[in-house]
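Heads up, the thing below is written out as structure tokens.
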Amino acid sequence: MKNWKSLLITVFGFFSIAGMLLLNSCTQDPCTDLVCQNGGACSDGFCQCPTGFEGAECEIEAANRFVGKYAGSIRCNNFPIQADTVTIEYVSKPNQVILKMGAGTTSVLSFTGTAQTPETHFETRVMPGVTVHAYVTVDGGLLAVYLETINDQVHTRQICRFSGIRLPN
1 MKNWKSLLIT
11 VFGFFSIAGM
21 LLLNSCTQDP
31 CTDLVCQNGG
41 ACSDGFCQCP
51 TGFEGAECEI
61 EAANRFVGKY
71 AGSIRCNNFP
81 IQADTVTIEY
91 VSKPNQVILK
101 MGAGTTSVLS
111 FTGTAQTPET
121 HFETRVMPGV
131 TVHAYVTVDG
141 GLLAVYLETI
151 NDQVHTRQIC
161 RFSGIRLPN
């Protein structure tokens, strides 16, 4: 009788442990319920978005964060602060944009580049020996532009900073 008892307890314990292991090993693939759009691929329950798209399911064009007209102020080196506007428009979807600025202490400048999150970098050669870099970040409706002009011929550098808010359409 003792042997039967031990045998039953052992068999019951074996099936209990085996059943728990079997149930716990049946985890659902985290990518089953996720639909990645615009060519995104699911990895470990998160969409890996192609360049130009963002969002939980790659449903948002990255350039949408930047496109619009902004009013604010600009300051270059030690010059006084002046009112200025910046416009960012699509060149081609999903993420090619043009940055247009001017009216403050900068001459009218335009840069074409690729909108990337969270910061977009534009580089333009104005003429031989002069390079202008523009860095743009957007946080909600606030735009910040860092503009750096480097003149290799006379070894000068001018830094301008613009900050502004998005204007309603």
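Each residue of the sequence shown is one higher than the last, beginning at 1 in full-length UniProt numbering. The C-beta atom is built at its ideal place from N, Cα and C for all residues, glycine as well.
Within 10 angstroms of its Cβ, does L147 collect 16 or more other Cβ (buried), or is it exposed?
-> buried
Inter-residue Cα distance where the pair is E57 and T51 = 13 Å
Compute the beta-carbon to beta-carbon distance between residue 182 and I74, rounded to the nearest angstrom, for a pair I have assumed lies under 8 Å.
-> Summary: the structure shown does not reach residue 182, with the chain confined to residues 1 through 169, and so no result is reported for it.
If A62 sits next to Q96, beta carbons under 8 Å apart, how far is it from one beta carbon to the other, in whole angstroms?
-> About 11 Å separates the two Cβ atoms, so there is no contact after all.
Are L99 and I81 closer than 8 Å when you measure CB to CB?
-> no
T105 in three-state terms, based on DSSP | Note that T105 has pLDDT 48, beneath the 50 cutoff, so the model's placement of it is unreliable and no number is given.
Rounded C-alpha distance that separates T105 from C160 | Here T105 scores only 48 on pLDDT, less than 50, and its place in the model is too uncertain to base an answer on.
Roughly how many whole angstroms lie between the Cα atoms of G164 and D44?
-> 38 Å
Test item: CB-CB of V138 and F66 under 8 Å | yes
Have a look at N169 and V136 and give me their C-alpha separation to the nearest angstrom.
-> 20 Å
Is the Cβ-Cβ distance between V145 and V86 less than 8 Å?
-> yes
Is the beta carbon of C42 sitting closer than 8 Å to the one on C49?
-> no
Where I81 sits in the DSSP three-state scheme | coil
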